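full-length UniProt numbering puts the first residue of the sequence shown at 1, with every later residue one more than the last. No residue lacks a Cβ here, since even glycine has one placed at the ideal position from N, Cα and C. Since the model is a prediction, treat every value here as computed from it, not as a measurement. Notes for the one structure printed next.
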Amino acid sequence: MKTRKWSFLLDDYKRLMDALGAIPSVEIEPLPRGVIQVFSALFEGSQTWPSEVPEADLSSIDPSLTRSLMPFQRDGVNFAVSKDGRLLLADDMGLGKTVQAICIAAYYRKEWPLLVVAPSSVRFTWAEAFRRWLPSVQPDGINVIVKGKDNLRGGLVNIISYDLLSKMDKQQAANPFNVLIMDESHFLKNMKTARCKAALPLLKVWMILFTLRILGI
1 MKTRKWSFLL DDYKRLMDAL GAIPSVEIEP LPRGVIQVFS ALFEGSQTWP SEVPEADLSS
61 IDPSLTRSLM PFQRDGVNFA VSKDGRLLLA DDMGLGKTVQ AICIAAYYRK EWPLLVVAPS
121 SVRFTWAEAF RRWLPSVQPD GINVIVKGKD NLRGGLVNII SYDLLSKMDK QQAANPFNVL
181 IMDESHFLKN MKTARCKAAL PLLKVWMILF TLRILGI
């Protein structure tokens, strides 16, 4: 099957959806309402990005971590705090998204336990990153889930793969998390997949998404 793409102005979005909706046997997946509202507000000038983000108080975070932040990483942490801990980190590879995510999560440490959802191949890489950057977290406080029977809240920091997360619905419902890191969050771009359905109930309070690609959500 050949795939084609067309580009339309945001101003024409409603007319486009009306026209497509009038075509029989065509399935349409609209843009989320929040995306339309945000971009419309920006183009209309009713919403602007703050010119200066306030400096966050990071005194409660391990000094070994905060001293290691590059200026642009510190800016990312400040921005996250200004947005109440809900953001998407989409920096290029090698710019230290992991360090930023750990620092942001540590800012909300009073709300832990923390859940990190990542591809299976990097679960133990995340565990090592926490041991390196947050030495105040004891090694036995880092819980890497390797099978479906493991306790999802077995540690202060809990790390699980997307595939295992979709198999642990009952534990999720009984034990909600307030702080989450979603690594490679473009895995969640399809609302119909099991991993997305398992992740959506978790995305409630402080949420750090990061990816190498800008999400189409």
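{"Query": "Supposed contact pair L89 and A101 - C-beta distance, whole angstroms, cut 8 Å", "Result": "6 Å"}
{"Query": "Beta-carbon proximity check, residue 236 vs L180, cutoff 8 Å", "Result": "The first residue shown for the chain is 1 and the last is 217, placing residue 236 beyond what the model contains."}
{"Query": "Local conformation of A19 per DSSP, three classes", "Result": "helix"}
{"Query": "Beta-carbon proximity check, N158 vs N178, cutoff 8 Å", "Result": "no"}
{"Query": "Inter-residue spacing [alpha-carbon to alpha-carbon] between R131 and L65", "Result": "11 Å"}
{"Query": "8 Å Cβ cutoff met for residue 220 and S161", "Result": "With the chain running from 1 to 217 in the structure shown, residue 220 is simply not present."}
{"Query": "P30 beta carbon less than 8 Å from that of M17", "Result": "yes"}
{"Query": "Residues bridged to I104 [DSSP beta-bridge criterion]", "Result": "None, per the DSSP bridge assignment."}
{"Query": "8 Å Cβ cutoff met for C103 and V137", "Result": "no"}
{"Query": "Residue interval of the beta strand (DSSP E) (run including V144)", "Result": "I142 to V144"}
{"Query": "Whole-angstrom C-beta distance between Y13 and I28, which should lie under 8 Å", "Result": "Contact flag wrong, Cβ pair sits at about 12 Å."}
{"Query": "For S82 and V53, believed in contact at Cβ under 8 Å, the rounded distance", "Result": "5 Å"}
{"Query": "Beta-carbon gap between Q73 and V38 smaller than 8 Å", "Result": "no"}
{"Query": "C-alpha distance - E55 paired with S166, whole-angstrom precision", "Result": "37 Å"}
{"Query": "DSSP state of R67 mapped onto helix, strand, coil", "Result": "coil"}
{"Query": "F8 to R15 span [Cα, whole Å]", "Result": "10 Å"}
{"Query": "Other residues of its chain near W112: CB distance less than 7 Å, five sequence neighbours each side excluded", "Result": "L156 and V179"}
{"Query": "Strand pairing of N158, partner residues [DSSP]", "Result": "L115 and N143"}
{"Query": "Closest residue to K147 among L58, W133 and L164 (Cα-Cα distance)", "Result": "L164"}
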